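Engineer: In the working numbering, the protein residues as written are 2 to 116.
All C-beta atoms in this analysis are idealised placements derived from N, C-alpha and C, irrespective of residue type, glycine included.
It should be emphasised that the depicted structure is a prediction, and the values quoted were computed from it without experimental measurement.
So this is what it looks like as structure tokens:
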């Protein structure tokens with residue numbers, strides 16, 4: 002199993018490529034695009050997923066309105082809780098990566114989407 006102190010950046014790229022997205026590199030983050038969807042993807046290590054204040058910014062007005070945070074599976078609950086309480090002004094999802102490379106998508110709870 003990969004160490005949780007390293008963000009699952011390559012795993013994130015692999016997931017989006019398997020889903021048919023084109024990848025536009027932007028340093029540690031990237032934009033994944035498919036059809037009409039442009040998603041800003043942010044891989045997070047365990048520490049960043051548990052204390053995401055500086056990482057989970059509100060983005061710029063010209064950036065993608067869809068955000069996906071990719072982290073290790075055992076960090077998804079804390080990140081989901083943080084995002085639901087922060088109510089960022091973009092639609093978001095979390096992809097939790099398992100040690101064997103499998104993944105699970107976590108969406109916001111109903112009624113917590115941005116206004």
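1) State yes or no: is the C-beta of residue 74 within less than 7 Å of the C-beta of residue 99?
2) Just the Cα atoms here: how many angstroms apart are residue 21 and residue 103?
3) List in chain order: all unbroken alpha helix (DSSP H) runs of 4+ residues lying wholly within the region 71 to 95.
4) Identify the residues that DSSP records as bridge partners of residue 31: which are they?
5) For residue 77, which residues in the same chain have their Cβ closer than 8 Å to its Cβ, ignoring the five residues on either side in sequence?
6) So, using beta-carbon positions, are residue 83 and residue 44 closer together than 7 Å?
7) Could you give the distance in angstroms between the alpha-carbon of residue 25 and the alpha-carbon of residue 14?
8) Out of 48, 91, 81, state which residue places its alpha-carbon closest to the alpha-carbon of residue 7.
9) Label residue 23 either buried or exposed according to how many other C-beta atoms from any shown protein chain fall within 10 Å of its C-beta, with 16 as the threshold for buried.
10) Counting along the chain, where does the alpha helix (DSSP H) carrying residue 169 start and finish?
11) Please identify the residue among 86, 17, 71 whose C-alpha is closest to the C-alpha of residue 34.
Structural biologist: On the basis of the data shown:
1) Here residue 74 is near residue 99, since their CB atoms are less than 7 Å apart.
2) Roughly 16 Å separates the two Cα atoms.
3) You should have 77 to 87.
4) DSSP lists 26, 42 as partners of residue 31.
5) Answer for residue 77: 50, 95, 97, 105, 107, listed in chain order.
6) At least 7 Å separates the beta-carbon of residue 83 from that of residue 44.
7) If I take the Cα positions, the gap works out to 10 Å.
8) When each option's Cα is compared against that of residue 7, the closest is 48.
9) Under the 10 Å beta carbon count, residue 23 is surrounded by fewer than 16 other beta carbons and is classified as exposed.
10) A question about residue 169 goes unanswered here, because the residues of the chain that appear run from 2 up to 116.
11) Per the Cα distances, 17.
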